[in-house]
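Engineer: Here the sequence shown is numbered in the numbering used here, starting from 3 and rising by one per residue.
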Amino acid sequence: MNVHDQLLAQLGQALGLPLVFDANGQCLLMLDQKLMISIRYGDAQWTFYCMLAQKPQLTENHYWQTCLQLNLKLAEQGKGCICYEPQSDALLYLTFISMPASSPLLSEFLGDLVDTYQALQSHVETEMTGTTSSINTINLSAGGQ
3 MNVHDQLLAQ LGQALGLPLV FDANGQCLLM LDQKLMISIR YGDAQWTFYC MLAQKPQLTE
63 NHYWQTCLQL NLKLAEQGKG CICYEPQSDA LLYLTFISMP ASSPLLSEFL GDLVDTYQAL
123 QSHVETEMTG TTSSINTINL SAGGQ
């Protein structure tokens, strides 16, 4: 078992879930039946891909302006970015943690990531329903890196 597999198993143990990387070096994690996280490992970092929206509103300028404003807030706080993935036609929140990391650090990182992910997902869902909310009302300070 390599160091990545060991760390993921320890993280899974802390969560009470049997987590393993598949043959492609990816682990899918679903939290609260709403938060879908793909964890992929590399030599220098683990990358976390979080699903924000499937088939985002490609023609809505306000929607994309909001995404870019959120992206700016994330970048300023060193918490990753919002990306569009064309193959799956999905809007993703992407962040990473440098390796090597300890199990406690990884658990803390995941907790912060989930807080940020929930805030982003809530804001994106609000925008997708056509309900405009102020970008200043989103609180990203509790989550991320």
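Cβ coordinates follow ideal geometry from the N, Cα and C atoms, glycine included.
So does the region 17 to 37 actually touch the region 87 to 105, counting three or more Cβ pairs closer than 8 angstroms?
Structural biologist: Counting Cβ pairs under 8 angstroms, fewer than three are found: no touch.
Engineer: Among residues of its own chain, excluding the 5 on either side of Cys69, which ones have a beta-carbon nearer than 6 angstroms to its beta-carbon?
Structural biologist: Here residue 69 refers to the residue found at position 67 when the sequence shown is read from its first residue. Excluding positions up to five away in sequence, the list reads Ile84.
Engineer: Which parts of the region 72 to 112 are runs of the beta strand (DSSP E), unbroken and 3 residues or longer, counting only runs that do not cross its ends?
Structural biologist: List check, beta strand (DSSP E) in window: 83 to 87, 92 to 100.
Engineer: Considering Cα atoms alone, identify which of Pro102, Leu94, Met101, Phe98 is closest to Glu127.
Structural biologist: On the sequence shown, residue 127 is found 125 positions in, with the first residue counted as 1. Of the listed residues, the one whose Cα sits closest to Glu127 is Leu94.
Engineer: Is the number of C-beta pairs between the region 71 to 85 and the region 20 to 35 that are closer than 8 angstroms three or more?
Structural biologist: No, they do not touch.
Engineer: How should His64 be labelled, buried or exposed, when 16 other C-beta atoms within 10 angstroms of its C-beta is the threshold for buried?
Structural biologist: Residue numbering aside, residue 64 sits at position 62 when the sequence shown is read from its first letter. With fewer than 16 Cβ atoms within 10 Å of its Cβ, His64 is classed as exposed.
Engineer: Can you name the start and end residues of the beta strand (DSSP E) that Ala55 belongs to?
Structural biologist: Indexing the sequence shown from 1 puts residue 55 at position 53. Segment 47 to 56, the beta strand (DSSP E) holding Ala55.
Engineer: What did DSSP end up calling Leu30 once you bin it into helix, strand or coil?
Structural biologist: Counted from its first residue, the sequence shown places residue 30 at position 28. Three-state result, Leu30: strand.
Engineer: Is Leu108 closer than 8 angstroms to Leu13 when the C-beta atoms are compared?
Structural biologist: Locating residue 13 in the sequence shown gives position 11, counting from the first residue. Locating residue 108 in the sequence shown gives position 106, counting from the first residue. Their beta carbons are under 8 angstroms apart, which means Leu13 touches Leu108 by this criterion.
Engineer: Decide if Ala55 is buried, meaning its Cβ has at least 16 other Cβ atoms within 10 Å, or exposed.
Structural biologist: Mapped onto the sequence shown, residue 55 falls at position 53. By the 10 Å Cβ count, Ala55 comes out buried.
Engineer: So for Leu19, helix, strand or coil by DSSP?
Structural biologist: The residue labelled residue 19 in the question sits at position 17 within the sequence shown. Looking at Leu19 - three-state DSSP - the assignment turns out to be coil, as it is neither helix nor strand.
Engineer: Mind checking whether Leu17 and Thr49 have CB atoms under 8 angstroms apart?
Structural biologist: Translated into the one-based positions of the sequence shown, residue 17 becomes position 15. Translated into the one-based positions of the sequence shown, residue 49 becomes position 47. Taking 8 angstroms as the Cβ cut-off, Leu17 and Thr49 do not qualify as a contacting pair.
Engineer: What would DSSP say about Ala144, mapped onto helix, strand or coil?
Structural biologist: For this step, residue 144 is matched to residue 142 along the sequence shown. A caution first: Ala144 carries a pLDDT of 49, below 50, which makes its placement in the model too unreliable to give a value.
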